[in-house]
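Data first, discussion second: the structure below is written as C-alpha cells.
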C-alpha cells in the first residue's frame with residue numbers, strides 16, 4: 025500500500041494544482057462513492073479503508089490499496105472509535121489512523137485538528153463491543169465536495185465542519201452553518217422542508233452486524 029500525497033512543500037505540479045484548486049472551497053472531500061470507504065475486515069477487530077482519492081487542508085492524497093486497521097479490546101460495553109486520514113506536515117505523509125473514542129457515537133477529543141502540523145480528516149466511526157472480535161457498526165463520516173456545496177451521509181459531519189457558511193446536503197436536507205440570535209455558530213436547515221414537513225431522517229449506518 026502506498027499513499028501518494030501532493031501539496032506538502034515542494035510536491036505540487038500544474039496538474040496537481042488544477043485538481044486541488046477545484047476543492048479549495050472545502051476543508052475535506054473524497055472523490056467518488058467508494059473512495060476511502062470503511063468496512064469490516066476478516067481479522068479480529070479489523071476494519072479496512074478502501075483506496076481512492078481525497079483532499080483536505082490543501083493536500084491531495086491518492087491511495088492504491090486497502091489499508092487494514094485494528095481496534096483495541098473493549099473492557100465493557102461499547103466504544104466508538106474514529107477512523108481518519110491523518111496529514112502530517114512534519115513528515116509530509118498522510119496515513120489512515122484509528123483514534124480511540126468513548127461509549128457515545130461522536131468525534132473523539134483525541135482527533136488531531138491542527139492544519140500545518142497534524143490534522144485528521146474523519147472517515148467513519150466504528151463501534152467495537154466487549155467480548156466481540158468483530159466490529160459491530162460503522163457510521164460513514166465522509167464528505168463529497170461539488171459545485172456549490174457538499175454532500176454527506178450522516179448529520180455527525182456537522183461536528184467537524186466548523187467553517188461559517190458551510191453548506192452540506194444530508195438525506196434530502198441542506199444544512200447551513202450560520203448564526204443564531206445570540207451570534208453563536210448554529211446549524212440551520214436551508215430547505216423547503218421545515219419542522220413537521222421534513223422527510224424522515226435515519227442515521228444511515230454503512231454496515232451493521234446482524
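Numbering (the numbering used here), first residue to last: 25 to 234.
The C-beta atom is built at its ideal place from N, Cα and C for all residues, glycine as well.
This structure is a prediction, so every number in the text was calculated from the model and none was measured.
Who are residue i's beta bridge partners in DSSP?
i	result
residue 142	112 and 138
residue 30	84
residue 122	107
residue 77	55 and 86
Considering only their Cβ atoms, is the gap separating residue j from residue i smaller than 7 Å?
i	j	result
residue 90	residue 106	no
residue 143	residue 81	yes
residue 9	residue 54	Residue coverage of the chain in this structure runs from 25 to 234, which leaves residue 9 outside it and unanswerable.
residue 88	residue 148	no
residue 188	residue 201	yes
residue 261	residue 104	What is shown of the chain runs 25 to 234, which leaves residue 261 out entirely.
Output needed for residue i: all residues of its chain with C-beta closer than 7 Å, excluding positions within five of it in sequence on either side, in chain order.
i	result
residue 100	154
residue 58	74 and 76
For residue i, which residues from the same chain have a beta carbon less than 8 Å from its beta carbon, with the 5 sequence-adjacent residues on both sides left out?
i	result
residue 171	none
residue 114	141 and 142
Report the rounded CA-to-CA distance for residue i versus residue j, giving the unit in angstroms.
i	j	result
residue 33	residue 175	30 Å
residue 76	residue 210	32 Å
residue 157	residue 102	12 Å
residue 29	residue 123	21 Å
What residue does the beta strand (DSSP E) around residue i start on, and which one ends it?
i	result
residue 52	52-55
residue 175	173-176
residue 197	197-203
Which residues in the same chain as residue i place their Cβ atom closer than 6 Å to its Cβ, once the five residues preceding and following it in sequence are excluded?
i	result
residue 94	69 and 70
Answer yes or no: the CB of residue i versus the heavy atoms of the ligand PLP, is any distance below 6 Å?
i	result
residue 84	You won't find the ligand PLP in this model; it holds no ligand whatsoever.
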